[in-house]
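Data block below; observations after.
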């Protein structure tokens with residue numbers, strides 16, 4: 002289901018025309034209680050500057066040609082046209098068909114994912130540094146044996162004792178491992194950390210490239226829309242001139 006057109010969209014254009022273009026997007030957004038980026042998108046999509054120069058509103062212009070008009074002869078629908086779209090099952094997403102809400106959603110998701118990956122890479126870098134530091138400390142040890150754990154337990158001794166009396170003693174159990182064995186474990190864990198870090202860096206680079214490509218595609222579509230609109234006005238003017246002759 003298509004997104005309903007916001008009534009503030011035409012109000013924003015009218016404000017722009019009433020002020021003869023001498024009003025900023027931020028001022029309009031404050032008056033209408035809209036997001037400044039939304040105002041910017043409306044301004045670009047509805048060609049406010051062109052409308053102001055021509056003195057006519059492209060957003061409220063009645064669609065369709067007049068009786069006998071042949072402007073569309075030989076001009077098929079452009080690539081990505083969705084005139085025959087009945088439902089969204091087989092829909093292909095074209096950048097020039099995205100709504101303002103969908104564009105903001107994609108930008109927000111990309112931004113959140115980029116932030117998450119950057120944070121993950123930072124945490125992996127800290128873990129990598131700590132493991133490298135521990136490995137260096139072990140390698141610098143003179144002794145080739147290190148204590149891995151120390152356990153203490155209390156033993157209860159019974160028998161040959163006075164009634165109701167018990168004798169106890171504490172036993173300490175230690176486990177020693179070689180430096181080489183410890184370093185091997187740390188190096189194995191370090192390798193896992195570095196592989197995960199490399200994967201996240203690769204994902205981050207790809208995501209940033211996709212984000213840049215998306216922004217360029219949106220800009221190009223806005224430019225193409227503006228060019229197409231201007232060309233259409235020029236063609237109509239030329240045809241009117243020929244008819245007048």
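Numbering (our numbering), first residue to last: 2 to 246.
Cβ atoms here follow ideal geometry from the backbone N, Cα and C, with glycine treated the same way.
In this text the structure is predicted, and so the values were computed from the model without any measurement.
Check whether the segment 118–131 touches the segment 198–209, taking contact to mean three or more Cβ pairs, one atom from each stretch, closer than 8 Å.
yes
Beta carbon of residue 29 nearer than 7 Å to that of residue 13
yes
Helix, strand or coil, according to DSSP, for residue 1 in the structure here?
Since the first residue shown for the chain is 2 and the last is 246, residue 1 is missing from the structure and cannot be characterised.
Check each candidate in 35, 192, 211, 198 and name the one with the smallest Cα separation from residue 101.
Residue 101 has its Cα closest to that of 35, out of 35, 192, 211, 198.
Can you give me the start and stop residues for the alpha helix (DSSP H) that residue 100 sits inside?
Where residue 100 is concerned, there is no enclosing alpha helix (DSSP H), given that its DSSP letter is neither H nor E.
N- and C-terminal bounds of the alpha helix (DSSP H) containing residue 42
37–46
Among the candidates 182, 129, 142, whose CA atom is the shortest distance from the CA of residue 196?
Restricting attention to 182, 129, 142, the CA atom closest to the CA of residue 196 is found in 129.
If you check the beta carbons only, do residue 139 and residue 180 fall under 7 Å apart?
yes
Where does residue 7 fall in DSSP's three states?
coil
Suppose the cutoff is 8 Å on Cβ atoms and the five residues either side in sequence are ignored; what does the same chain contact list for residue 17 look like?
Same-chain partners within the cutoff: 24, 29, 44, 49, 53.
Residue 183 to residue 126, Cα distance in whole Å?
21 Å
What separation, rounded to the nearest whole angstrom, lies between the Cα atoms of residue 190 and residue 136?
The C-alpha of residue 190 lies about 11 Å from the C-alpha of residue 136.
I need the boundaries of the alpha helix (DSSP H) containing residue 247, first residue and last residue.
Summary: the structure shown does not reach residue 247, with the chain confined to residues 2 through 246, and so no result is reported for it.
Could you give the C-beta distance for residue 122 and residue 212, rounded to a whole number, given that I count them as a contact under 8 Å?
Not quite, the Cβ-Cβ distance comes to about 17 Å (not below 8 Å), so this is no contact.
Let's test the definition: count the other Cβ atoms within 10 Å of the Cβ of residue 68 and tell me whether it reaches 16, buried, or not, exposed.
Only weak support exists for where residue 68 lies, its pLDDT of 47 falling under 50; the value from the coordinates is given anyway. It is exposed - the Cβ of residue 68 has fewer than 16 other Cβ atoms within 10 Å.
Own chain, CB closer than 8 Å to residue 21, minus 5 neighbours either side, in chain order
Here the set comprises 53.
With 16 other Cβ atoms within 10 Å as the buried cut-off, status of residue 282
Given a span of 2 to 246 for the chain in the structure shown, any question on residue 282 remains unanswerable.
Within its chain, find whatever has a CB closer than 6 Å to the CB of residue 27; leave out the 5 residues flanking it on each side and keep chain order.
37
With a threshold of 16 other CB atoms inside 10 Å of the CB of residue 39, please say whether the residue is buried or exposed.
buried
Assumed close pair residue 208, residue 105 - CB separation to whole angstroms, cut-off 8 Å
Between residue 105 and residue 208 the Cβ distance is about 17 Å, and since that is not below 8 Å, they are no contact.
Beta-carbon proximity of residue 132 to residue 217, cut-off 7 Å:
no
On the CB-based measure, 16 or more other CB atoms within 10 Å of its CB, does residue 15 come out buried or exposed?
exposed
Using only the alpha-carbon positions, how far apart do residue 8 and residue 210 sit?
35 Å
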